[in-house]
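Residue numbers (the numbering used here), protein chains in the order written: chain A, 132 to 375; chain B, 118 to 603; chain C, 184 to 598.
Heads up, the beta-carbon is just placed ideally off N, CA and C, and yes, glycines get one too.
What follows is one structure encoded as structure tokens, with my remarks underneath.
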Amino acid sequence: MLKINNLKAKVEEKSILNGFTLNINPGEVHAIMGPNGSGKSTLSNILSGKKGYDVSGEILFENSDLFSLETEERAHKGIFLAFQYPLEIPGVNTSVFLKTSLNAIRKARGEKELDALEFLKLVKQKSKDLKFDEEKLNRQLNVGFSGGEKKKNEILQMSILNPKLSILDETDSGLDIDALKIVANGVNSLRRKNNAFLIITHYQRLLDYIKPDHVHVLMNGKIIKSGGPELALELEKKGYESFS
Amino acid sequence: MKIDSSQISREKEIEKLKKYKYGFSTEIENIKAPKGLSEEVIKFISNMKKEPQWLLDWRLKAYNRLKALKEPDWQKPKYPKIDYQDLYYYSAPKSFKEKPKSLDDLDPKLLETYKKLGIPLQEQKRLNNIAVDAVFDSVSVATTFKDKLTEKGIIFCSISEAIQKHPELVKKYLGSVIPLTDHFFATLNSAVFTDGSFVYVPPGVRCPMELSTYFRINASDTGQFERTLIIADKGSYVSYLEGCTAPMRDENQLHAANVELVALDDAEIKYSTVQNWYPGDKDGKGGIYNFVTKRGLCKGKNSKISWTQVETGSAITWKYPSCILKGDNSIGEFYSIAITNNHQKADTGTKMIHIGKNTRSKIISKGISAGFSDMTYRGLVDIAAKANNSRNYTQCDSLLMGNKCGAHTVPYIKNKNSESNLAHEATTSKISEEQLHYCQQRGLNSEEAVGLIVNGFCKEVLQQLPMEFAVEAQKLVGISLEGSVG
Amino acid sequence: MEEQLKNDFEKSFKNSNFSSKSISLKKEFLNKFIKDGLPNKSLENWKFSDINQIIKKEIGDLSFYNDISTPNKIDSAIYLNGLEQNSIVFINGRAEKIDFQFEEKNKIEILDDFELNNNYSEINSLIDLNSAFVEKSFKILIKENYSLKKPLVIYHYTNKKIKSKNINLRLNFILEKNSSLKLIDVLNDISEKNFINTFYSFKLNQDAILKNYKIDNKNNNNIKYSFTNIEHEKNSLSETFIVSSGSNFNKNEINCNLNGKYASAFINGIFSLNKKKHHEIRTSVNHLTELTKSYQLIKSVLENEARAVYQGKIYVNSEAQKTDGYQLSKAVLLDETTEFNAKPELEIYADDVKCSHGSASGSLNENSIFYLMSRGLNYKEAKELLIKGFLLDVVEKITDSEIKNLIKNIVGLKE
Ligand SMILES: Nc1ncnc2c1ncn2[C@@H]1O[C@H](COP(=O)(O)OP(=O)(O)OP(=O)(O)O)[C@@H](O)[C@H]1O
Ligand SMILES: [Mg+2]
Chain A
132 MLKINNLKAK
142 VEEKSILNGF
152 TLNINPGEVH
162 AIMGPNGSGK
172 STLSNILSGK
182 KGYDVSGEIL
192 FENSDLFSLE
202 TEERAHKGIF
212 LAFQYPLEIP
222 GVNTSVFLKT
232 SLNAIRKARG
242 EKELDALEFL
252 KLVKQKSKDL
262 KFDEEKLNRQ
272 LNVGFSGGEK
282 KKNEILQMSI
292 LNPKLSILDE
302 TDSGLDIDAL
312 KIVANGVNSL
322 RRKNNAFLII
332 THYQRLLDYI
342 KPDHVHVLMN
352 GKIIKSGGPE
362 LALELEKKGY
372 ESFS
Chain B
118 MKIDSSQISR
128 EKEIEKLKKY
138 KYGFSTEIEN
148 IKAPKGLSEE
158 VIKFISNMKK
168 EPQWLLDWRL
178 KAYNRLKALK
188 EPDWQKPKYP
198 KIDYQDLYYY
208 SAPKSFKEKP
218 KSLDDLDPKL
228 LETYKKLGIP
238 LQEQKRLNNI
248 AVDAVFDSVS
258 VATTFKDKLT
268 EKGIIFCSIS
278 EAIQKHPELV
288 KKYLGSVIPL
298 TDHFFATLNS
308 AVFTDGSFVY
318 VPPGVRCPME
328 LSTYFRINAS
338 DTGQFERTLI
348 IADKGSYVSY
358 LEGCTAPMRD
368 ENQLHAANVE
378 LVALDDAEIK
388 YSTVQNWYPG
398 DKDGKGGIYN
408 FVTKRGLCKG
418 KNSKISWTQV
428 ETGSAITWKY
438 PSCILKGDNS
448 IGEFYSIAIT
458 NNHQKADTGT
468 KMIHIGKNTR
478 SKIISKGISA
488 GFSDMTYRGL
498 VDIAAKANNS
508 RNYTQCDSLL
518 MGNKCGAHTV
528 PYIKNKNSES
538 NLAHEATTSK
548 ISEEQLHYCQ
558 QRGLNSEEAV
568 GLIVNGFCKE
578 VLQQLPMEFA
588 VEAQKLVGIS
598 LEGSVG
Chain C
184 MEEQLKNDFE
194 KSFKNSNFSS
204 KSISLKKEFL
214 NKFIKDGLPN
224 KSLENWKFSD
234 INQIIKKEIG
244 DLSFYNDIST
254 PNKIDSAIYL
264 NGLEQNSIVF
274 INGRAEKIDF
284 QFEEKNKIEI
294 LDDFELNNNY
304 SEINSLIDLN
314 SAFVEKSFKI
324 LIKENYSLKK
334 PLVIYHYTNK
344 KIKSKNINLR
354 LNFILEKNSS
364 LKLIDVLNDI
374 SEKNFINTFY
384 SFKLNQDAIL
394 KNYKIDNKNN
404 NNIKYSFTNI
414 EHEKNSLSET
424 FIVSSGSNFN
434 KNEINCNLNG
444 KYASAFINGI
454 FSLNKKKHHE
464 IRTSVNHLTE
474 LTKSYQLIKS
484 VLENEARAVY
494 QGKIYVNSEA
504 QKTDGYQLSK
514 AVLLDETTEF
524 NAKPELEIYA
534 DDVKCSHGSA
544 SGSLNENSIF
554 YLMSRGLNYK
564 EAKELLIKGF
574 LLDVVEKITD
584 SEIKNLIKNI
594 VGLKE
């Protein structure tokens with residue numbers, strides 16, 4: 132599904148990723164762990180098409196070149212990024228935003244756009260599943276949301292857009308214990324044979340709930356070690372230092 | 118490979134400025150006054166409208182005053198000299214020589230025009246709960262829902278009709294807010310105004326529906342000079358909407374309207390405008406010069422006047438809807454969105470004159486400039502020495518899209534009262550790359566993303582509009598900025 | 184006035200050392216001034232302060248001839264105490280003393296050079312008046328990499344010998360690369376009813392630093408106008424601080440052109456006015472290239488028929504991306520008779536900028552007064568404390584701690 136080959140990225144002459152390689156197959160869950168500043172968010176930004184990076188290497192998504200696609204085209208193809216720091220957009224109603232987004236993606240895929248009622252039904256169901264307070268849907272997008280509420284809002288969007296590849300950038304940070312379980316359940320319930328997850332986290336705890344197929348350790352812009360779920364446990368015990 | 122935003126946007130920069138949707142013109146035979154401005158033309162207009170002598174005298178007084186006035190030149194958008202002798206000051210469909218008694222007598226072409234504009238005048242298709250007065254070039258062609266309003270004692274008709282049927286009201290209030298001698302364009306209007314709307318809401322009456330005027334410039338070489346007068350008597354309420362379009366023509370057309378509002382004790386007037394005159398083509402050719410004078414007088418205590426405007430059209434917009442807060446405890450509000458693109462220019466804002474005690478005013482202005490356009494917010498807040506305990510809050514935000522356009526914020530702040538408080542805030546910025554990226558990650562293309570963010574930026578003002586208008590306005594905001602992303 | 188101007192001009196320059204070229208240039212300025220006259224309120228920049236009217240009302244007829252042939256004795260009481268300083272002393276417009284005792288002699292050049300350039304002819308008619316009548320046109324050059332060891336204090340002193348006179352002063356400073364200067368202007372007048380017109384120009388070359396403190400705090404009945412132009416090259420910095428309080432009328436104009444990347448301009452000031460005084464600060468900061476920065480904070484406390492005006496403009500041209508511009512003015516009106524006028528203006532042609540301005544005026548916050556009174560202060564004490572805090576906030580922006588303390592003392596804000 133996703134093939135990243137020898138990806139290098141620089142910002143203003145500063146190297147952030149130095150030959151990053153990763154393969155994700157449909158149905159898989161990958162976890163990436165790494166110390167602060169190791170380049171995790173940079174990776175997810177580049178996958179989502181954020182501008183401003185000097186990049187080289189290759190990224191294929193379902194065998195087509197990702198670099199030739201605009202951010203929104205990637206979203207249409209099913210790439211979803213749950214941002215580490217979800218943006219606030221003043222004046223824009225959360226549920227209007229969600230509907231606009233869903234219909235833009237449906238339209239691009241040649242699917243019928245949902246009307247207000249159908250959308251309302253869908254969003255009500257999903258909010259209920261995720262215990263997302265419906266009142267927030269009528270507030271301005273992320274404005275005045277607490278850190279955890281913003282993260283939950285990201286997961287709500289993910290469940291509504293039903294992407295093929297979901298990238299979760301530290302979605303667990305800032306969530307309370309109950310919310311963490313709900314988010315994990317949300318992810319688990321979305322797991323299918325034909326979709327995949329890339330989960331960026333600092334904490335083994337999340338991986339207790341979402342069992343990853345592969346765990347990678349990212350340091351200095353490179354994967355220095357890959358393994359199964361046991362790698363996360365090892366990391367938790369020993370810390371990053373033992374790997375450097 | 119370096120991915121930067123300008124590269125991508127340049128690739129995407131396909132010429133896709135949407136054609137101005139209302140740019141058609143209607144072929145209708147017109148009666149016109151002779152070209153030019155003279156005593157004869159003024160007499161011609163007055164005569165055509167069968168006006169009483171006092172009004173003709175009033176017009177002539179304005180005309181004499183006009184001769185001594187100079188066209189102002191302090192505004193930022195400069196425009197080529199207007200030849201006032203090369204304009205028609207009166208143009209009416211020929212079929213109007215006698216005012217049609219009912220819609221059945223209306224020229225079908227006219228009905229068709231308004232249908233195309235989305236303003237059906239016929240009974241069966243009327244807009245829900247909005248009474249419309251349609252002004253075509255110089256004359257009012259139809260007013261809907263008259264009966265329902267009459268029941269409540271509300272007068273809503275063309276000003277020509279009001280002059281005939283309610284001369285005492287017109288005489289009392291016409292020119293009471295914008296004096297004859299005010300300034301060049303206002304005085305010009307007083308001399309040659311042709312038609313417009315008149316509203317009177319009797320004491321204690323809450324107008325049950327939105328009143329609306331729809332302005333349409335059709336004839337070429339014709340200036341449009343409407344006059345609107347709205348009086349809200351004690352304890353009454355009225356909400357009034359104004360919409361405007363014009364055909365696409367290569368020459369510039371002048372629109373110099375006067376709007377006067379009077380709110381007596383405890384009365385409230387809400388005046389909303391969605392201005393979408395033809396802005397000219399993308400090279401700045403043609404378009405309307407929109408030089409209007411709008412002023413409201415909060416005459417009585419506890420009265421309130423609220424202006425809301427969405428200005429997206431016209432080659433040049435130059436207007437300052439103002440409030441004179443004379444009654445104690447009166448309130449003035451100004452909510453504005455102004456968008457300029459291509460070569461459009463706008464110099465707009467408001468004046469809040471605090472005279473009474475405990476007066477309050479609020480100004481929210483959102484300016485967006487794109488392309489090669491230029492936008493100025495110009496405002497005055499003046500708190501007189503006796504206006505104890507008055508308050509003003511002003512917020513002016515500007516968004517710039519690209520570095521070929523300009524945003525100018527010029528507030529004048531005068532405070533002579535130590536018990537009063539004034540606060541003014543202004544910012545200028547661009548749409549943040551991060552916000553754009555977030556929206557695009559959710560599948561919106563860059564234009565949709567910009568439209569969404571800009572609508573969010575304008576929210577506070579859009580919220581002030583009546584529902585039906587808000588949706589229209591929101592679409593207009595998106596359309597106006599098309600082709601400017603990047 | 185035309186007759187008077189022409190005669191006074193003749194009288195001033197008939198036996199002067201000026202070259203005939205200079206004289207004819209000066210004549211051009213004179214004619215320009217005769218044509219335009221004193222600025223009045225029909226001009227946008229003078230809308231709030233009609234200096235033509237003010238001079239007419241407060242002074243009446245002005246005389247432009249100023250006899251500077253005889254030296255004046257300097258009263259040592261005028262000097263600022265407790266500050267090691269270089270000094271220039273002007274008495275009634277005559278330069279009595281120029282003393283750079285703390286500095287290396289070869290690092291500073293002083294030229295008394297009337298090499299008038301026409302660059303400044305389009306500003307306003309008062310600059311033309313200045314160019315026509317100014318007697319000395321000092322050019323002070325600070326050499327590359329030299330930082331003055333001690334501040335330079337310029338004393339602008341007038342005594343009873345002059346009345347109804349127009350006095351023109353002009354100083355040009357050139358700060359070469361990586362040099363720095365702290366300059367304090369002290370206004371001190373015993374005279375009455377004169378019009379003093381001062382023009383400063385600064386050229387800050389790369390990495391140069393200028394700190395200019397303008398102090399007008401002694402009550403006097405003169406009318407003052409001062410124009411300061413600061414040209415900024417790359418990475419240069421200017422800090423201007425204005426205490427506007429003493430004169431009957433005073434208008435300070437500051438124009439900063441940020442021509443080089445990373446250049447920054449800071450303009451802060453306080454108006455503390457009473458007794459019918461009318462003061463204005465007008466700033467105009469022009470961001471002309473990318474990555475430049477400006478910051479302005481002006482606070483006013485007004486009572487007893489005083490009037491303060493702040494007109495501040497931030498201009499950003501289309502090249503000046505990543506500009507950071509900020510401007511705030513706040514005023515407290517202590518009684519019914521005062522007036523505060525502001526025109527904070529933004530004119531912006533680049534999209535990637537961060538610019539904002541704010542202005543607030545009104546009464547002292549009653550809640551704060553109440554809070555302080557609940558802690559045992561009486562009304563008057565509470566009010567004074569709040570005003571002090573209000574103004575101190577600006578004084579704290581002064582980056583030189585020695586001068587900051589000095590100014591706190593001068594304006595009575597010592598804690
Ligand atoms: N736009 C930028 N300009 C300069 N440096 C940047 C930029 N973006 C990222 N960096 C730097 O690149 C490095 C990697 O950043 P990144 O955000 O990818 O780290 P991370 O692994 O997500 O860290 P965290 O665990 O704290 O979220 C950091 O040192 C960061 O400061
Ligand atoms: Mg991160």
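query                                                                                                                            : result
Coil, strand or helix - glutamine 581 of chain B by DSSP                                                                         : coil
Beta-bridge partners of lysine 387 of chain B, as assigned by DSSP                                                               : B:Ser356 and B:Ser423
Per-residue DSSP class, three states only, for lysine 369 of chain A                                                             : helix
Where leucine 134 of chain B sits in the DSSP three-state scheme                                                                 : Bear in mind that the predicted position of leucine 134 of chain B carries a pLDDT of just 32, short of 50, making it unreliable; the figure below should be weighed with that in mind. Residue state, collapsed to three classes: coil.
C-alpha gap between methionine 469 of chain B and alanine 310 of chain A, whole angstroms                                        : 50 Å
Contacting positions in the segment 569–593 of chain B - beta carbon closer than 8 Å to chain A                                  : Leu569, Ile570, Asn572, Gly573, Phe574, Cys575, Lys576 and Glu577
Three-way DSSP call (helix, strand, coil) for methionine 164 of chain A in this model                                            : strand
Best match in A:Ile286, A:Ile313 and A:Pro294 for proximity to lysine 132 of chain A [C-alpha to C-alpha]                        : First, the residue type needs correcting, since residue 132 of chain A is methionine and not lysine in the sequence shown. Out of A:Ile286, A:Ile313 and A:Pro294, A:Pro294 has the C-alpha closest to the C-alpha of methionine 132 of chain A.
Beta-carbon spacing of asparagine 149 of chain A, lysine 353 of chain A below 9 Å                                                : yes
Any chain A beta carbon closer than 9 Å to alanine 566 of chain B                                                                : yes
contact_flag[the segment 530–542 of chain C, the segment 499–519 of chain C] where n(CB pairs < 8 Å) is 3 or more                : yes
Cβ distance (whole Å) where lysine 526 of chain C is taken to contact proline 583 of chain B below 8 Å                           : The Cβ separation is near 35 Å, so there is no contact.
Segment contact, 8 Å Cβ cut-off, at least three pairs: the segment 535–550 of chain B with the segment 414–432 of chain B        : no
C-beta neighbour in chain C for serine 307 of chain B, strict 9 Å                                                                : no
Glutamine 170 of chain B classed as buried or exposed, judged by whether at least 16 other C-beta atoms fall within 10 angstroms : exposed
Proximal residues to glycine 359 of chain A (C-beta, below 6 Å), its chain only, five neighbours per side dropped                : none
Chain B contacts from the segment 297–312 of chain A (Cβ-Cβ distance under 8 Å)                                                  : none
Short Cβ contact (9 Å threshold) for isoleucine 220 of chain A with glycine 560 of chain B                                       : no
Simplified DSSP assignment, three categories, for leucine 183 of chain B                                                         : helix
Beta strand (DSSP E) segment containing glutamate 422 of chain C, residue limits                                                 : 420–427
Per-residue burial, glutamate 240 of chain B [other beta carbons within 10 Å of its own, 16 or more giving buried]               : With a pLDDT of only 47 at glutamate 240 of chain B, under the threshold of 50, the placement of this residue in the model should not be trusted, and no figure is reported.
Whole-angstrom distance between leucine 596 of chain C and leucine 393 of chain C, CA atom to CA atom                            : 24 Å
Cutoff 9 Å: histidine 462 of chain C Cβ touching any chain B Cβ                                                                  : no
Alpha-carbon to alpha-carbon, alanine 349 of chain B and alanine 279 of chain B                                                  : 15 Å
is_contact[lysine 283 of chain A, chain B] using C-beta, thresh 9 Å                                                              : no
Cβ of lysine 181 of chain A within 9 Å of any chain F Cβ                                                                         : Among the protein chains in the structure shown, which are A, B and C, there is no chain F.
Buried or exposed by the 16-neighbour rule on C-beta atoms within 10 Å, applied to methionine 492 of chain B                     : buried
Within 9 Å, strictly: CB atoms of serine 374 of chain C and threonine 341 of chain C                                             : yes
Simplified DSSP assignment, three categories, for proline 528 of chain B                                                         : strand
Chain B contact residues for glycine 541 of chain C, given Cβ-Cβ distances below 8 Å                                             : Ala540, His541, Glu542 and Ala543
As assigned by DSSP and simplified to three states, the class of histidine 554 of chain B                                        : helix
From A:Glu143, A:Ser187, A:Gly180 and A:Ser320, residue whose alpha carbon lies closest to that of threonine 152 of chain A      : A:Ser187
Where the alpha helix (DSSP H) containing proline 284 of chain B begins and where it ends                                        : 284–290
Contact under 9 Å by Cβ, tyrosine 493 of chain C with serine 542 of chain C                                                      : yes
Closer than 8 Å: glutamine 215 of chain A CB and nearest ligand 1 heavy atom                                                     : yes
Glutamate 359 of chain C classed as buried or exposed, judged by whether at least 16 other C-beta atoms fall within 10 angstroms : buried
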